[in-house]
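**Q** Just passing along the structure, written as structure tokens.
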Amino acid sequence: MPTSNTTHGFKRFMLRGKQKVAIETGLLSLAHNLRKKSNHNFKKAA
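For the sequence shown, my numbering assigns the number 1089 to the initial residue and increments by one for each residue that follows.
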């Protein structure tokens, strides 16, 4: 999970089990990185 001050609406895991939580954590990390990349590209274009 991203270690930032904002959680972007994340409050708890929706699934149970270590493997499913690991998948969900990966998806959260992917979303976090896409958000960062998008913001970086947006600032670069401006």
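For each residue, glycine too, the CB sits at the ideal point set by N, CA and C. Source: prediction; values computed, not measured.
Would you tell me roughly how many angstroms separate the C-alpha atoms of K1106 and K1124, rounded to the nearest one?
**A** K1106 and K1124: Cα-Cα distance of roughly 27 Å.
**Q** Considering only residues of the same chain and omitting the five flanking positions on each side of L1103, which have a CB-CB separation below 8 Å?
**A** So the list reads V1109, I1111 and E1112, once near-sequence residues are dropped.
**Q** Can you grab the Cα-Cα spacing for the pair K1116 / F1098, in whole Å?
**A** A small correction: the amino acid at residue 1116 is Leu; Lys does not occupy that position in the sequence shown. Roughly 9 Å between the two C-alpha positions.
**Q** Secondary structure at L1115, three-state DSSP: helix, strand or coil?
**A** Three-state DSSP puts L1115 in a helix.
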